[in-house]
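Trainee:
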Amino acid sequence: MAKYGMVIDLDRCVGCQACMVACKAQWQTPEDYFRTWVKHIGPVQIKDEMVFTSYVGQCNHCDNPPCVPACPTQATFKDTETGIVLVDYDLCIGCGYCVEACPYGARFINPVTKKVEKCDFCYPRLGEEDPACVKTCIVSAKVFGDLENKDSYISKKISEGNTYIIATKEVNPGPNVYYKGRRSKIEAIIKNYPPEKKDTLPAKIWSNVLRPFVILGAGATFIGSLVAFLFQINQGEKEGEDEE
Amino acid sequence: MGKPISRREFFKRSLLGAGAIGVTDYSYVFKKFPPGKAGREDVELIPSICEMCFWKCGIIGKVKNGRLLKIEGNPRNPHNGEKICARGNSGIMQLYDPDRLKYPLLNVGKRGEPKWKRISWKEALNRIAERMLEYKKKYGARSIANLSHGSSSIPMRKLLKNFGTDRIAHASFDQCRGNRDVAFELTFGMGAGSPERVDLINAKAILLIGSHIGENVHTSLVKEFIEAVEGRKAKLVTVDPRFSMIAGKSDYWLPIKPGTDTALILTLINYIIQHNLYDREFVNNYTYGFDKLKEEVKNYTPEWAEKITEIKKEIIIEIAELFGRSKPAVTIFPGRQSTWYGNDTQRVRALAILASILGAVGRRGGYFFPTKIKLKGCPCPNKIEGEDFLCDTSEYPFMETTTECIREATLNDEVKMWIVYGSNIIHNTPNPQKTIKAINKLDFMVVVDIKPTEPSLYADIVLPEATYLERYDIPFMVADSRTPFIQIRRPVVQPLYESKDPFYIVSELSKRLGLKDCFPCETMEDYLNLALSSIGTNLRKLEKEGGVYRYEGKPFLDDFGGNYRFPTPTGKIELYSTKLSLNDKDPIPKYEPVEDPPKGWARLSYGRSPVHTFSRTENNKWLHALNPENDLWINEEAAKSMGLKDGEYVRLKNQDGVVSDPVKLKVTPGIRPDMVHTYHGFGSQSPFLRLAYKKGMFENALITKIVLDPIMGGMAKRINFVKIIKDGKEIDFPVIKQKPSGFKKKPEKEIKIKLTAPLPVGGHEEEEGGC
Amino acid sequence: MRNEILEKYLPLTPEEKEELKKKRIKKHHVATIFLHWFNMLVWLTELITGAALIISSNYIFVPRFFTKLVSDIYGTRGNIIRTHIFVGVVWAIVLILYALFGWRRYLKPTLKEIFGITKDDIGWLVSKFEEVALGKKVHYPPQDSYNGGQKLFAIVVALMVPVIIITGFIMAFHLLTPALIRWAIIIHFIAVGLVVMGLSVHIYMALLYPPEQEGLFGMIHGYISEYFAYHHHYKFWRKKKKGLDKPAELPPKKDLSPIKAGIFLGVVLFFSFYLTGFGLGSSGFVQRTLVAIFGAFAPESVKNHPYMGHYWGVYPLWNFLVFMGFGVIIGTLFAMFLSNHKFRFRIEKGDKISDIQRLIYAVIGGIIVGFATRIAGGCTSSMALSGGSVFSPGGWLFMIFLFVGGYLGAFFFRRLWK
Amino acid sequence: MEKINFYLIFANLLDYPDEKKLSLFERFENIVGLHYTGEIPPLENLEIEYTKLFVNAHPYLPAPPFASVYLNSENLYDEIESFYQSVGYGIETREFPPDYLIYELVFLSNLFNDENYKAERKFLISHFLPWFEKFVKKVKENDETGFYSFICEKINIFLNNRLKELKDGETNLQKRVF
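Chains as they are written, first to last, in the numbering used here: chain H, 1 to 244; chain F, 1001 to 1771; chain G, 2001 to 2418; chain B, 3001 to 3178.
1) Taking Cβ-Cβ distances shorter than 7 angstroms, what residues in chain H pair up with B:S3073?
2) Taking contact to mean at least 3 C-beta pairs separated by less than 8 angstroms, is the region 1585-1601 of chain F in contact with the region 1731-1742 of chain F?
3) Give me the chain H residues within the contact set of G:M2219, using Cβ-Cβ distance strictly less than 9 angstroms, ordered along the chain.
4) Leaving out five residues before and five after F:I1444 in sequence, what residues of the same chain have Cβ atoms less than 6 angstroms from its Cβ?
5) So that I know if they touch, is there some Cβ in chain H lying closer than 8 angstroms to that of F:M1445?
6) Using a C-beta cutoff of 8 angstroms, does H:A106 count as contacting chain G?
7) Would you mind sorting G:T2013 into buried or exposed? The rule is 16 or more other CB atoms within 10 Å of its CB.
8) Does any CB atom of chain B fall closer than 8 angstroms to the CB of H:Q26?
9) Could you check the C-alpha separation between F:N1284 and F:M1245 for me, to the nearest Å?
10) What is the rounded straight-line gap between the Cα of H:F121 and the Cα of H:G5?
11) So with Cβ pairs under 8 angstroms, would you call G:F2153 a contact of chain H?
12) Evaluate B:D3018 with the Cβ neighbour count: other Cβ atoms within 10 Å of its Cβ, from every protein chain shown; 16 or more gives buried, anything less gives exposed.
13) Should G:A2248 be labelled buried (16 or more other beta-carbon atoms within 10 Å of its own) or exposed?
14) For F:F1243, I'd like the list of residues in its chain whose CB is within less than 6 angstroms of its CB, leaving aside the five on either flank, ordered along the chain.
15) Is F:T1219 close to chain H, meaning its C-beta is less than 8 angstroms from at least one C-beta of that chain?
16) Considering only residues of the same chain and omitting the five flanking positions on each side of F:P1155, which have a CB-CB separation below 6 angstroms?
17) Cutting at 6 angstroms between CB atoms, please list the residues of its own chain near H:A228, excluding the five before and the five after it.
18) Take F:K1249 and list the residues in its own chain whose beta-carbon comes closer than 6 angstroms to its own, dropping the five residues that flank it on each side.
19) Under a CB-based cut-off of 8 angstroms, is H:T136 close to chain F?
20) Taking only the alpha-carbon atoms, compute the straight-line gap between F:V1548 and F:S1533 and give it to the nearest angstrom.
21) When you compare the CB of F:Q1738 with every CB in chain B, is at least one pair closer than 8 angstroms?
22) Output, in chain order, the set of chain F residues within a Cβ distance shorter than 8 angstroms of H:F52.
23) Using CA atoms only, rank isn't needed, just tell me which of G:M2336, G:G2193, G:G2078, G:V2042 is closest to G:D2255.
24) H:P30 versus chain B: which residues are under 9 angstroms apart at the beta carbon?
25) Please classify F:V1672: does DSSP put it in a helix, a strand, or coil?
26) Is DSSP giving G:P2011 helix, strand or coil here?
27) Drop a sphere of 10 angstroms on the beta-carbon of H:E31, count the other beta-carbons inside from all chains shown, and report buried for 16 or more, exposed for fewer.
28) What's the call for F:E1508, buried or exposed, on a 16-neighbour Cβ count within 10 Å?
29) As a quick exercise: from F:P1710, F:D1674, F:P1740, F:V1650, pick the residue whose alpha carbon is nearest that of F:K1729.
30) When the Cα of B:Y3016 is compared with those of F:N1065, F:Y1103, F:Y1278, F:A1355, which residue comes out closest?
31) According to DSSP, is F:N1146 helix, strand or coil?
32) Which first and last residues belong to the alpha helix (DSSP H) in which G:F2345 is found?
33) Alpha carbons only, please: which of F:T1287, F:T1467, F:D1559, F:Y1527 is nearest the one belonging to F:L1375?
34) Is the Cβ of H:M20 closer than 8 angstroms to any Cβ of chain F?
35) Please confirm whether F:G1193 and F:E1051 have their CB atoms less than 8 angstroms apart.
36) Give the single residue among B:L3022, B:T3093, B:F3083, B:E3095 whose Cα lies nearest to the Cα of B:L3108.
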């Protein structure tokens, strides 16, 4: 049992985007699509401090990921052994509910395979070597490891303090990618790329309108027919009786 | 209907008798295996060296059945280890690029509009050799010039020196680090080194003037720099009119007025001497001309400096105190691209002097010394008689041959033939129109490259060079390192098409030129085995050990038992430069004011993008997707008053009326109002490059005014001023009075509990920073 | 207003009632029955697998144990979606074939009836509502072969089935854009939901509501008692009684005019080229069948035979022409059913000659034509049609001389026919 | 009936032109059963035209003879190489990337010699023809002499017919008496 996570030290990161290319080389994502991204922010004035940082992001493999319930066929699920959110490509029909539901925008529909694609912490490489982005990060800003095992390097890094998660009061799906660095940088990121809960209209209709209606409807018809049946039995109506 | 005996069938049958005469059966292409088990399944790890830029990081090629899958860092390499940057990761796209040069091409059309015919290597080399011998006979060997860049051009340069011409320009001399190395030669007798010889990891304080580490990615340097600043908490002072990425990580950011850096450095030197914060014992033992220096700089006071550099005097004093306290573990970073405003060699000398008086030379945390060892190899002796510099060096005593002076020589018919080796001379040298004019006067032009860039448009013969993933190269001895080592580039995959490695080109050419004594080795492997035999190993053994041979280094003074003799005329660090005084130049750097942008204009500055090596990687699909075009940094206040919004497209007009391509605006408070900044290497003019053509702004066209450095003739380019043109209307830059400033980073409050994370977090133990 | 409806009922004496109960009349065609039960099976599997697919907490509408059960039955969840898609595709194909081939005889009349909602149907619905909800005693207006409720349900199904198929295909094969797939899911869900609502009433009526019991058996063997028809489907009964129900002898289908037939043949030829890359042809079919038969007995000699060897290859019958041949035969049979030609064995001949003469001449003609086609490299359909359509000179020459030969022949042999 | 390996002749004609390869052009005309109306340009013009179309050109290579330029599949090289391996072939000389036009024609000729029609048909349908058609279109757009557009167009038609022949099973693979 393990829960893999990552720590990204924004103070160390220089925004050189090596992680993006290493990931693309490893998983051959199509042209302008990346599983991990580096979005430069600034230089911009935050309170009385100048900030020039980059939002290094990917799938946060959240504890209660909003993308999992958003997927109708449950193609995406949080793997219990490793805590990594994976996708079962047989079940994925490429509808993109999960793409909208992800507060960090970590998913995209691959135009070639027409199915969803996301970072899976280099799941096939797990165990042998670190994910491609962690290995190539020239300033070792990215650290990957098992959060549950207390004396792993990543747990020590987190316990050093000054560690934040990109989450707000309203939207906090429990991400497992932690960010270290100056508070102003985290604020700049949250200001520019706030995690927002946004569901697609059809998904909302389905979960808020249709689902209760169906359950209600099914219940009603069941009870209705039951009542009608009982009503009919105690009537003792004979078969083919004709009143006229 | 059924299938009638069609005419085709009839003919087919009749041909049977004729048999398959004259058909090449390509049987060499495929190999038969039992189905499903063709070739090896496992992935080989082949160590080699990257060349996406010239930093030469160690890489591992993951190869399966002779085809490259992925590139990763080589953990055995002491510098970058398993780390490689964005360009290193995308090397595979250069290897399998369909637009690559594939065969030797002969231009049978006009210059500029080439009509190419593929010819064999034999024929191409014969033609080149023929021409070279002809020109040597008629006009002398020096009528052949070479413009080159990158490690693969070293054998060609050696050949030409053996052939008799030294008209060889190395783009990086006059465009990039030429004056930095000359300044260090004059002061310490040796250049600053590449990688720069700075012991960052042990430094307590680092001074960084103008270098944008992080946006300019040299992997091992950035890795050690960040480890020093973030890991070891060294104090970092960044002096840059723009809030660069590294400025964001520094303790002090000094938005200095462009062109006044020398004033700041000399003020620091003066303050440190007056308050004898300098390392007295070191100065007495190892420096020369301290008194003359003390006398020279005595009126550079912080008050004076505040007016000139617009940096608060308190900050200047605080910095001087900081460096005084932390000496000798102080790194005064030499920088790399240093041709800025015109008097740049003196500025770098001032830096060297500041480091010397703080005793940060040959000491932990400061500069250290290179350790070279002798390697045998196939010699190609230099047969240049005498040193009559071909360029008029009366004005510039320490000038090596530069692109500028080759252009001049060609224009007045002294040069008949150019060999352009791996350098996009139209993209990297200012005033490209002049370069094209010179080319059109040439009789013969040869271009050796891996991609058809602009120069190949004008070439008579184009030779395809193998990319770094397909060739051997001369052994690279990384002497500028505390843990010096020798690393070997070997082909990760077999060369594609008919591209050849540089040694093949040069050794074949030397045979045809009848140069018996130049590169007698048959192949590069023999050369390497010969070289490696002098350190008791050979290619096979080295590859098994991961392609890196490490040897003992002597980086610091105490490695020499304290009596180290600097290779300068006086045997000491020359604060007062004897060579300069001989050539009646200022022996001690002086501050000379630089022309300010006139009212309504702003200074155009440029720098590197982390994902591109200038224009070389423009056509790389992956890198292009990361950073397709450059944008123009402009000060928030200035933009507001000019009515410009972030993300708008505007054009620039420079003082000579040249108008640029459209460029996207990046409005930010992180740059001075009298200056704009952009990334170099975009907006390629060569239509060859499918992706990069006309993407972003080709800012080299705007750089028409250049000033040559008085000492070594380097081209200073940050002296061009621009105006903004929006929808045809010219908009002037406002004059915003800049109060003296200087920012100090506030210490971060120690927060135990994570701000918004539900988990409570444990205490804070001292953490041993990972190297 | 409701009382006058009653007058329309012919009062029945109890004896007539008993007598009617014994007699039986036909309600449903065989095809309709087959289609109904096929639909039932498909809907059963699709509902089960479809419901089991949606297990995410936002959308699940069936109890967890059910989805768990289905997943266990199918092993991996991947199998569920594969079955769902497979059954869906089969269902779509069957429906499309039914619509194409059963249009004139089955689909069009039923659709006309379903969508032909009359006052009585509405009246029926209103009174049904009053009876069930308000418990009033009501009399129902006379109904046609499908009563108001059944018509309503049939309309819903007729409208929703194409929607379900289209959205299903979009989802299964990721057609067009993800945005469209997003909407396709809930439209699919809504459409199925509507049909299921109707279905629940439909099933309740058929299984649990005693008076409608006979209707269920009507769908099994196609017959219902006359009394049931009188009581529940009065208009249908009366029509049946007066013999009005038969589609009044569908107007005899005129044979297709030769011009139209020619155009259709051209279209077939075009699509034959477009789809298979080859034109039409029949002599090859005959040729290959012969070669196959001979080959069965003397493979070696056929293989080395200079001419037949060419066709031998491995599978002489494995050729599109053979399939085209069989296709033509089956096609004509099918066309027979659609048209009003009846299936009888007969020898068409001129008046003057006897059957035997007709057969002998046919054999001689066949031999001549056989040789001719082989030499010309194709029979009428291949040379004239396929050849002609690609403007091969041989094709046009063949066509011209075909007509010339035809007229000459007619001139000489006209005596036989008069 | 002995078969003539037309794939090899196509590979020769689509490779860099020289006297030996051009001598095969008559044979090519017989194979595709059409006579080339224009007269064959001199060798030098052909070499320039070939370099301009398939090697290096100004402004950029109009018709690169590589499948990856025309197909936007993700890891095309893996797919091609696994297909080669599935029928027992591995690339020996890595002078070209695995998706090079001549390599694929040679692979087809190997299948043709092995009479592995099933694989030949699958390779033609699933990989070769889809990109070859786009390649031919690019050649026709940019070829001035018309020689290479003639060759490419006729090869394209011939291969499509070949595909139909394979579909017929006229020369099918399993040798089974019916």
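Ideal placement from N, C-alpha and C gives every residue a C-beta, glycine not left out.
Mentor: Reading it off the structure:
1) V112
2) yes
3) In chain order: nothing, as chain H lies at least about 18 angstroms away.
4) The displayed chain sequence assigns Phe, not Ile, to residue 1444 of chain F. Cβ neighbours of F:F1444 beyond the five flanking positions: R1131, M1417, D1460.
5) no
6) no
7) exposed
8) no
9) 39 angstroms
10) 9 angstroms
11) no
12) exposed
13) Note that G:A2248 has pLDDT 47, beneath the 50 cutoff, so the model's placement of it is unreliable and the number below is only indicative. When all chains shown are included, G:A2248 counts as exposed.
14) G1670
15) yes
16) P1502, F1503, V1506
17) none
18) V1229
19) yes
20) 14 angstroms
21) no
22) F1243, S1244, M1245, A1247, G1248, G1670
23) G:M2336
24) N3072, E3074
25) Position check: residue 1672 of chain F holds Arg in this sequence, whereas Val was assumed. If DSSP states are grouped into helix, strand and coil, F:R1672 belongs with coil.
26) coil
27) exposed
28) buried
29) F:V1650
30) F:Y1103
31) strand
32) Run containing G:F2345: none; DSSP gives neither H nor E here.
33) F:Y1527
34) yes
35) no
36) B:F3083
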